[in-house]
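Below is one structure, written out as structure tokens, with a few remarks after it.
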Amino acid sequence: MEVTQGSDLSFEPLTLSHRGAGLSFKNLARGVEGTPENFYFALAQQRDFYSPTHRHNFDQFRYAVKGSVSLGSQMVLREGQLSYHPEAAYYGPQEDDGDEDRIVLVLQCGGASGQGYLSFAQLGAANKELAKSGKFEKGKYYSDGHTKDGFEAIWEHTNGRKLVYPDKRYNAPIIMSPNAFAWKPYGKVDKVFKKTMGVFSEREIRAEMLKIEDGGSLKLGGDEANHLIFVLNGSGSAGAEQLRNESTIHLKPGTSTKISCSGEALEMLHYVMPLLES
1 MEVTQGSDLS FEPLTLSHRG AGLSFKNLAR GVEGTPENFY FALAQQRDFY
51 SPTHRHNFDQ FRYAVKGSVS LGSQMVLREG QLSYHPEAAY YGPQEDDGDE
101 DRIVLVLQCG GASGQGYLSF AQLGAANKEL AKSGKFEKGK YYSDGHTKDG
151 FEAIWEHTNG RKLVYPDKRY NAPIIMSPNA FAWKPYGKVD KVFKKTMGVF
201 SEREIRAEML KIEDGGSLKL GGDEANHLIF VLNGSGSAGA EQLRNESTIH
251 LKPGTSTKIS CSGEALEMLH YVMPLLES
């Protein structure tokens, strides 16, 4: 079990240029580079920001912790909403001004196609190399009179081949409003409740809200999956680790923990990412 206290971290400006300026991050958890299940989990502070219409060969989830962010010309993720961005589905353009302080919880992870997810180290190395012969500007890469999406340019440089997107399993991002879902008992576990936001693709990536009331506890993990738990409200513990707002738990495949609540009810966002080969 790995626990990161997000409230102890500071937002650090993004050093990569393929999506432009205006983003700072608190790094909460990372997967294993080079594996189909690699992932990146972070709190992003977004101010003045622009990104063109684009798509990825990996999955994304975004939860608006504070403020609202644009996902497209007529698509807005409002505070308290959760979005799922399937691999190969277009979204954008994203355009937000600097008048509002926006904080978004971002999960980027390899999707069902098995194409994986590039680590920040890989992104940074390709970014540096490509900057020698071209420039990144507003999400695009310009070189020798040619224009390409910034991420595509980096992926192709890293992998030495053209990026071929998987077939679209979903045609567009999906926006969910957790507050509109009702809390349901978590099986027969006393004082524990859940809201299932969705189970996506044949990989069966799960997104759900969990609530543990004072005196309650819940065991999570132990299966062939990565689990990510982010505390939205409340207090409690996971093993010897104290939990509070922005506490993040990463359970690697085969590991588990018992989460207990003491005091204000714990409300958490929980992602389950099964191994593709399991």
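Throughout the sequence shown, residue numbering follows the UniProt record's numbering, covering 1 to 278 in sequence. We put the CB at the ideal spot given by N, CA and C, even for glycine.
query: Would a C-beta distance cut-off of 8 Å place L71 and Q94 closer than the cut-off?; result: yes
query: Pick from P166, R47, P173, I249: whose alpha carbon is nearest that of G236?; result: I249
query: When DSSP labels each residue in this structure, what does E204 get in the three-state scheme?; result: coil
query: Can you tell me which of the three DSSP states E137 falls into?; result: strand
query: Check whether the region 230 to 245 touches the region 168 to 180, counting contact only when three or more Cβ pairs, one atom from each stretch, lie closer than 8 Å.; result: no
query: List the residues that DSSP assigns as beta-bridge partners of L107.; result: F41, F61
query: What residue range does the beta strand (DSSP E) around E241 cover?; result: 241 to 243
query: Can you tell me which of the three DSSP states N233 falls into?; result: strand
query: On the premise that V104 lies in contact with Y50, defined as a C-beta separation below 8 Å, what is that separation, rounded to the nearest angstrom?; result: Actually they are not in contact, since the Cβ atoms of Y50 and V104 sit about 15 Å apart, beyond 8 Å.
query: Mind checking K128: buried by the 16 CB within 10 Å criterion, or exposed?; result: exposed
query: Got a sec, what are the start and stop residues for the alpha helix (DSSP H) K128 sits in?; result: 120 to 130
query: Taking the runs of the alpha helix (DSSP H) that are 4 residues or longer, which of them lie wholly in the region 145 to 212?; result: 150 to 159
query: I need the DSSP call for D73, collapsed to helix, strand or coil.; result: It should be pointed out that residue 73 corresponds to Ser in this sequence rather than to Asp. Three-state DSSP puts S73 in coil, outside helix and strand.
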